[in-house]
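Residues in the sequence shown are numbered from 3 upward in steps of one, following my numbering.
C-beta: ideal position from N, C-alpha, C; glycine also.
Here the structure is a predicted model, which is why all the values come from computation and not from measurement.
Each remark here refers to the structure printed beneath this line.
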Amino acid sequence: MVGLSIAHQLLERDITHHITLIDKEPKLGLHSSGRNSGVLHAGLYYKPGSTKARVCVSGAKRLRAWVEEQGLPINPCGKVIVPQRADLDLQLNLLAERGKANGAEVEFLDSKQLYELIPEANSISGRALWSPNTVVIKPIQVVASLQRELQERGVRFLHNENYWFASSEQKHIKLQTAGEIISYGHLFNCAGLQADRVAHQFGIANEYSLLPFKGLYWQLKDNCPIQPRTNLYPVPDLSVPFLGVHFTPSAEPNPLVSIGPTATPAWGRENYYGLQALEPSMALANLSLLTRQYLSNRGGFRRYVHEQAFLALPPILLRAAQQLIPSLQANHLEPSQKVGIRSQLFNHNTQHLEDDFICLPGPSSTHILNAISPAFTASFALADLILERSGFLEPNIS
Ligand SMILES: Cc1cc2nc3c(=O)[nH]c(=O)nc-3n(C[C@H](O)[C@H](O)[C@H](O)COP(=O)(O)OP(=O)(O)OC[C@H]3O[C@@H](n4cnc5c(N)ncnc54)[C@H](O)[C@@H]3O)c2cc1C
């Protein structure tokens, strides 16, 4: 989605019409952009001044308008955030302040208003935060439509190109499968889960490596008597970049409600199911890193482990979901086929998980790293910011 959005903005702003998009897979959307919750976030969570804060609200508005223009499914269902513990109630104020500072619309609800939206929802303090502008889309359809539009406007797509070699001095890429050499004026690295490896080829971002976290989902059965018609989120632990298990109605006319995603360490960048794409040496290195983070409790990491690392276990996921809807029972849920992996980076210099998007200059290239949530939501505005930082647009145009 990030690569497509940059191509889209290059065309929209008439910067160039000579664009080639190279992807290692036979089709687009096989990784994060086709495997996410589909929520266009309204911008409540992000620290004012961060890149996420700068691009989320305007990106969501622009993507929503484009989705509507294309006639793609959209569920304008809004979102409620409830404190699941008494000590989290005050954090609603912080989220509301951040939302307002970022230009998002937010309102406080009392218990009666919350009951009207989701009768089964529980707020420990009776208060909740309402975001009317959160919507849900179908990410895979957005990716497919955007690709179609770009193809029609002359963008060349090369698929199945996993092995290629970039020569930054000669400014060309040698493709192994097609055997072709492609010269470039500027290269944008938007390789998601592999973006750190691509950046390392250009001799940059050596302080970062991927620490992938898997997001598994469950869903409410058709016959479950509880069917929230709006997003229902907990107050998140703001020391880690995960939003907590939430309920999300899909963008179908008869919405299916997902519960998730979990945030469990993954043992391979693309280890979606079972032993598929395991990377044992990366898994071992990451396990030792996670253990060190736990022992030192850097950035409150122990709380993440206690509250979120084991959510892949069904009873623990059920317990997290019951904090939001206490009457939920195990027999209301079934596993979903949906699973995604976050392209979360770890910074070896600061020993922290990176929270914000990272956009680094390289030789005749720009590298977009840590494109975690809400990069999908923000993609159109993020693309403008990337073009600004690469010198193709005047600052602040987005
Ligand atoms: C479980 C989950 C839930 C999420 N929920 C939301 C949400 O509700 N809302 C939201 O805004 N965001 C959400 N996100 C985040 C969002 O999905 C990502 O921020 C966004 O999709 C990132 O897009 P991308 O283009 O950077 O990465 P990707 O979609 O992963 O695209 C990268 C592309 O690069 C290709 N590639 C990789 N390596 C190479 C290589 N060496 N050569 C050529 N091609 C290569 C891949 O095949 C892929 O097509 C979620 C993420 C996850 C994992």
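Burial state of residue i, where buried means 16 or more other Cβ atoms lie within 10 Å
i: residue 227; result: exposed
i: residue 382; result: buried
i: residue 36; result: buried
i: residue 308; result: exposed
i: residue 370; result: buried
i: residue 329; result: exposed
i: residue 121; result: exposed
i: residue 178; result: exposed
i: residue 233; result: buried
i: residue 45; result: buried
i: residue 337; result: exposed
i: residue 20; result: exposed
Inter-residue spacing [alpha-carbon to alpha-carbon] between residue i and residue j
i: residue 407; j: residue 278; result: Since the first residue of the chain shown is 3 and the last is 400, residue 407 is not available in this structure.
i: residue 58; j: residue 284; result: 32 Å
i: residue 175; j: residue 5; result: 17 Å
i: residue 255; j: residue 262; result: 21 Å
i: residue 159; j: residue 359; result: 25 Å
i: residue 82; j: residue 239; result: 16 Å
i: residue 346; j: residue 171; result: 30 Å
i: residue 189; j: residue 273; result: 28 Å
i: residue 375; j: residue 183; result: 34 Å
i: residue 312; j: residue 289; result: 14 Å
i: residue 32; j: residue 191; result: 17 Å
i: residue 165; j: residue 24; result: 11 Å
i: residue 319; j: residue 221; result: 12 Å
i: residue 365; j: residue 271; result: 26 Å
i: residue 10; j: residue 353; result: 36 Å
i: residue 12; j: residue 3; result: 14 Å
i: residue 385; j: residue 22; result: 16 Å
Residue i: CB within 7 Å of a non-hydrogen atom of ligand 3
i: residue 26; result: Judged by which ligands are present, ligand 3 is missing from the structure shown, whose ligands are ligand 1.
Three-state secondary structure (DSSP) of residue i
i: residue 119; result: helix
i: residue 205; result: coil
i: residue 149; result: helix
i: residue 400; result: Summary for residue 400: the model assigns pLDDT 45, below 50, so the residue's position carries little reliability, and this model does not support an answer.
i: residue 194; result: helix
i: residue 233; result: strand
i: residue 66; result: helix
i: residue 244; result: coil
i: residue 336; result: strand
i: residue 268; result: coil
i: residue 349; result: strand
Residue i CB to nearest heavy atom of ligand 1 below 7 Å
i: residue 164; result: yes
i: residue 342; result: yes
i: residue 263; result: yes
i: residue 34; result: yes
i: residue 136; result: no
i: residue 9; result: no
i: residue 374; result: yes
i: residue 3; result: yes
i: residue 43; result: yes
i: residue 79; result: no
i: residue 190; result: no
i: residue 178; result: no
i: residue 273; result: no
i: residue 131; result: no
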